[in-house]
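Here the protein sequences come in this chain order: A and B.
Sequence positions in the first sequence follow our numbering and run 1 to 312.
Sequence positions in the second sequence follow our numbering and run 1001 to 1312.
2 protein chains.
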Amino acid sequence: MSENFADRLIGAIEKKGSPICVGIDPIIASMPDAVFRGGREKADGGDPQAAIDAIFEFTTRVLKIVAPHVPCVKFQSAYFEQYHWEGVEAYYNLIQEAAELGLMVIGDVKRGDIGSTAAAYAAGHLAEPEMSASDEMATPDAITVNPMLGLDTLEPFVKTAGEFGKGLFVLVRTSNAGSAELQDVKLADGRTWSEMLAEKLATVAEGLVGGRGWSSLGAVVGATQTHTMISLRQRLPKSIFLLPGYGTQGATAEMTRHAFRDGLGALVSASRSILYAHKDAKIAAKYGTDWERCVEGAVIEMKQDLAGVLAS
Amino acid sequence: MSENFADRLIGAIEKKGSPICVGIDPIIASMPDAVFRGGREKADGGDPQAAIDAIFEFTTRVLKIVAPHVPCVKFQSAYFEQYHWEGVEAYYNLIQEAAELGLMVIGDVKRGDIGSTAAAYAAGHLAEPEMSASDEMATPDAITVNPMLGLDTLEPFVKTAGEFGKGLFVLVRTSNAGSAELQDVKLADGRTWSEMLAEKLATVAEGLVGGRGWSSLGAVVGATQTHTMISLRQRLPKSIFLLPGYGTQGATAEMTRHAFRDGLGALVSASRSILYAHKDAKIAAKYGTDWERCVEGAVIEMKQDLAGVLAS
């Protein structure tokens, strides 16, 4: 049996001394010029191979910079799927690179479907790749999952996660402005739709609790959603919260406070504020024009920022 | 400007004389032995290339059989993603094959994410592939989309669909047994969650209405959900309904009646009952042991079955 995902993740957070997840959102237009070997124009102008080469160069350098500081990275699948199967090949190869650097990896794929279709998604995205034609790939340690189709549709994901020591982060309350109208809507019994979902998920989460008391079934809760953070934490006491929204989307360290319990149980995710820190005037003034120093500086500042909240 | 998707689809339904969408769910264990060139054992036993070869052979033969009878096929992405990037390459190449046979194609990908991430999904799955390294691919005419993250997250998909004459089928009420607990839950105002979603979508659908009066923003409504079909049709008067669940999942032609308006506006989807018709004793008794004759027989019977309802 593989080791429980939640146990591995809690161990990695303690080892690195920070609950940070760096989001890998490779956007050609935001990348530093230095990663475009053949010139930025080719990648911008519709040459998919030039774009994928730049993504590969940029991401491998980011992974090496952040690996000593953070336990986890999250790959946003959409930015790879944009380049069709060649992008998907880069996605899996880069996950392998991250794994070799000792990073845990979340695949942000937000999949969800019924019955045997959900089982096929779980096989492709979570199972160990016995079906791969290449050695240069790994599947993520965990994936994000969309639960809208019903709790029954999570079962194949839960089964595969349990079998391979993998994890799930189920969307419960997302970070975007428009999420309220569907997720915060009040039910006849007074709860919000997300609160109802959280209560149902808590039962499923019980089945994946590890030795450290945390479940491998986690929840995605936007760090921006402070009005409902305490309520969702109470309803999902054993789920690790993945909190997107820090930095560019406006959430602060203080806003993540109630997601933690005894200093554990949450991963704060930041993407653009780390990856493209060279575009941030405040960071650039402190760390100079070298984009890689800016990435490292942004991670170190985020680590200190969160440490302040966790210590108080 | 490309022609409006809904206009193209309504035209194709009229031309073929049936509102059928054949679901391409390639499952190795269910396929006839005849498509395994190197023997079934290789594909079953963990050789991804043998599995993909069999999927390719099976699907191209199915596409040729159904093309004269139906307007549309729906590719279930999960069964391709299961084989990582090589499966994704087969997905796009087979969509190209279907397009060359004059079939319209829905990519059943159920994607959904926020902001620039949703835009990247739309670029990969709906936009014309200027970014492709290969000529042997097409993107689908429409994709399925998961709206749980909020109506704002649909905007990039709507924009790309409008730009390229493509369509969207938004999940509103799915066909699986467990869907009721999240989608039929009653709100404080008495509507179900799905009814509330349908009303919000109707406004978005207005922006994509074509010359025939139907919108390129359609809805996925399980054919099994007869208790809410009339209510959802009233709330989404211009959306084409994609109705999964006919056949193996238990829905009958009669159960789809209220999704239609004046004989149009719905696509009835069947996957396993067509693809694996050779396993159906009743079909095999009538059409013999040739799996391809069984596929054609099952399509013709479904066509007659639906015609009976549409005529009465």
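Glycine included, every Cβ here is placed at the ideal spot set by N, Cα and C.
Using a Cβ-Cβ cut-off of 8 Å, T60(A) does not count as an interface residue toward chain B, since no Cβ of chain B sits closer than that to its own. The beta-bridge partner set that DSSP reports for F58(A) is empty. For the C-beta of K186(A), the chain B residues within less than 8 Å are, from N- to C-terminus, L1187, A1188. A direct Cα-Cα distance of roughly 26 Å separates P68(A) from E89(A).
In the DSSP assignment, L1171(B) falls within the unbroken beta strand (DSSP E) covering 1167-1173. With fewer than 16 other Cβ atoms from the protein chains shown falling within 10 Å of its own Cβ, G1017(B) counts as exposed. The DSSP assignment places 1078-1081 as complete runs of the alpha helix (DSSP H) inside the stretch 1056-1097 of chain B, in order along the chain (cut-off: 4 residues).
Check the Cα spacing between A223(A) and each of A253(A), A311(A), G263(A), E100(A): the tightest is with A253(A). In the structure shown, the three-state DSSP call for R212(A) is coil. The DSSP-derived three-state label of L275(A) is helix. If you ignore the 5 residues before and after I1065(B), its C-beta comes within less than 7 Å of the C-beta of E1292, V1295, E1296, all in its own chain and listed in chain order. Sixteen is the threshold: since fewer than 16 other Cβ atoms of the shown chains lie within 10 Å of the Cβ of K1286(B), the residue is exposed.
If you draw a straight line from the Cα of E1081(B) to the Cα of I283(A), it is about 39 Å long.
Taking one beta carbon from each stretch, the stretch 1235-1249 of chain B and the stretch 1266-1276 of chain B have 3 or more pairs nearer than 8 Å; the two touch.
Proximity of chain A to G1207(B) at the Cβ level (cut-off 8 Å) is not reached, the minimal Cβ distance being about 16 Å. When the five nearest sequence neighbours on each side are left out, the beta carbons in the same chain lying within less than 8 Å of the beta carbon of A1202(B) are those of R1235, L1236, P1237, K1238, S1239, in order along the chain.
Only buried fits K166(A), as 16 or more other CB atoms lie within 10 angstroms of its CB. Taking all protein chains shown into account, Q304(A) has fewer than 16 neighbouring C-beta atoms within 10 Å of its C-beta and is therefore exposed. Judged by DSSP secondary structure, R1111(B) falls within the beta strand (DSSP E) whose first and last residues are 1104-1111. Contact between T228(A) and T192(A) holds: CB atoms are separated by about 7 Å, below the 8 Å threshold. The C-alpha of G102(A) is placed about 36 Å away from the C-alpha of I1055(B). In the three-state scheme derived from DSSP, where H, G and I count as helix and E and B as strand, T1144(B) is classed as strand.
Between D280(A) and chain B, the shortest Cβ-Cβ separation is not below 8 Å.
Cβ proximity to chain B below 9 Å picks out nothing from the stretch 289-305 of chain A.
For K1015(B) and P1071(B), the gap between their C-alpha atoms comes out near 8 Å. Among the residues facing chain A, E1041(B) is not included, as its CB has no counterpart in that chain under 8 Å away. Within the same chain, and ignoring the five residues on either side of I1230(B) in sequence, the residues whose Cβ sits closer than 6 Å to its Cβ are H1258. When secondary structure is reduced to three states using DSSP, F157(A) falls in the helix class. Sorting G1218(B), G1213(B), D1184(B) by C-alpha distance to the C-alpha of F1157(B) places G1218(B) at the top.
Taking the C-beta atoms as reference points, I1114(B) is found no nearer than 8 Å to K1074(B).
Note on the stretch 185-209 of chain A: whole alpha helix (DSSP H) runs with a minimum of 4 residues are 193-206, in chain order. What D113(A) touches in chain B, judged by beta-carbon distance under 7 Å, is A1078, K1110, going in chain order. For the pair V299(A) and G1112(B), the Cα-to-Cα distance works out to about 28 Å. Residue range 291-311 is occupied by the alpha helix (DSSP H) that includes L310(A), with no beta strand (DSSP E) assigned at that position. For G23(A), the uninterrupted beta strand (DSSP E) segment begins and ends at 20-24. Residues of chain B whose Cβ lies closer than 8 Å to the Cβ of G124(A) are, in chain order, A1078, E1081, Q1082, Y1083, H1084, G1087.
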